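Residue numbers are given in numbering that gives the first Met the number 0: position 46 of the sequence shown equals residue 45, and the series is strictly consecutive. All residues carry an ideal CB built from backbone N, CA and C; glycine is no exception. These numbers come from a predicted model, not from an experiment.
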Amino acid sequence: MIIPARCVGIDVSKQHLDIFDDGLGVPERIANAPQAITQIAARWRCNVLVVFE
0 MIIPARCVGI DVSKQHLDIF DDGLGVPERI ANAPQAITQI AARWRCNVLV
50 VFE
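Listed below in structure tokens is the structure:
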């Protein structure tokens, strides 16, 4: 079993995503748009557990 090195929580709404990355320790908000999602996902490498609400 692979244990994730870090966890990311994402609260999804129609216009934006509220994200908390425990590796950074600060919340952030991005647009719920493909380009913004691609940019933020590029920061996360393997062993990241992403939880959506």
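- Burial check for D20: the Cβ neighbour count within 10 Å reaches 16 or more, so the residue is buried.
- Under a 10 Å Cβ-count criterion, V50 is classified as exposed, with fewer than 16 other Cβ atoms of the shown protein chains found around its own Cβ.
- Counting along the chain, A40 sits inside the alpha helix (DSSP H) bounded by residues 33–40.
- A residue is called buried when at least 16 other Cβ atoms come within 10 angstroms of its Cβ; V25 does not meet this threshold and is exposed.
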